[in-house]
């Protein structure tokens, strides 16, 4: 009932990879299958008001065990894994007492190396959980789900004082569609935390503003021997568009608070081509400028095309920086910091160069910082997590719940 690793391994067996272009919510049937299994588990564990919506959003409550008023808080993780890499037939590997050096994944075709991933130098002596090099691991965010459930089971089993706690496991977080399906009438927390971060100690309440950009190019094909003045090469137009974007403003050349344009896919023929980008920036004004820039470039490249040829651009905002919204409630952040310190963990406050469900929820009025899971190299076949980091995440979740109850009693 309280075995963290066994729970996590059971969850990684579900293929819950989200699909970017799907029209349904959730975007993959595996997410619903996983959610239904979690419903049965939560009911068996004694959670209350366990519900699963048609959109795959799972919610439940753990009732207060104290006789004084305590603010209701929440913890949130997501069901899906990233569309960037396969999450089917995941085969976790466990390496106890890591002693440094390269780690062969699976039969050794892939290697997890401290040369490529220097963070491994900090993992000496720890128990590492990795992939076999053929899939991602799914710690993002099945580790978060396992940690939340384990923490609340331990709270209940050890009779540690806590108020009412809401939990939510959302679909399609990786494609920006999950948080909109949380019903605040049922999830009645005053604030919450997503358990969806990386290394131990991470605490995040700043994130990118984000947009998706799709560019469709229709050209005209003809025999290259008689193409002068007739052919319009859609691939050449696509190349021109990409070459006009700032070459140093890409993910591989930026860090910290620097934004970027990221080409995520490119395909086509002479007649038709497609480009897909994501745009990211912490600063809202810079974010808007980036969007205007890519529109300007597409318009410039499209000037003078034959009427039957065209460039079509679609642009959709997916989430915004939660910093201003969260900082309206500074006690929410301070509580997480204190919980980490009480657990012997130095908080690492940094901007998350991505997004979480907490970004959308914070803009809906539910302040929702992000705390660590203990995992690294997400969205990759080199993803790994440590058993020690997972246990530390469980301890922090428990301490947040306990501190909330303690502070409420002191102020009553």
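Residue numbers (the numbering used here): 451 to 862. Just so you know, even glycine gets a beta-carbon here, dropped at the ideal spot from N, CA and C. Predicted model only: the values in this text are computed from it and were never measured.
Straight-line Cα distance separating residue 769 from residue 525: 20 Å
For residue 641, the residue or residues it bridges with in DSSP: 523
Any beta strand (DSSP E) of 3 or more consecutive residues that is wholly inside the segment 683-722: 710-718
4 or more residues per run - each alpha helix (DSSP H) lying fully within the segment 559-621: 589-607
Run of the alpha helix (DSSP H) containing residue 743, from where it starts to where it stops: 734-752
Touch test, the segment 630-638 against the segment 531-540, Cβ-Cβ under 8 Å, three pairs minimum: no
contact_flag[the segment 753-763, the segment 777-793] where n(CB pairs < 8 Å) is 3 or more: no
Chain-order list of residues whose beta-carbon lies under 6 Å from that of residue 790 (same chain, five-residue window excluded): 797, 846
Cutoff 8 Å; reference residue 475; Cβ partners in own chain excluding five residues on either side: 505, 506, 621, 622, 627, 631
Enclosing beta strand (DSSP E) for residue 763 [first to last residue]: 760-769
Alpha-carbon to alpha-carbon, residue 582 and residue 638: 41 Å
Reference residue 687, options 705, 749, 711, 714, closest by Cα: 749
Where the alpha helix (DSSP H) containing residue 489 begins and where it ends: 479-494
Nearest to residue 737 (by Cα), restricted to the options 771, 758, 716, 717: 771
Of the residues 837, 856, 841, the one placed nearest residue 545, counting alpha carbons only: 837
Nearest candidate by alpha-carbon position, reference residue 636, set 698, 502, 682, 817: 502
DSSP three-state assignment for residue 849, whether helix, strand or coil: helix
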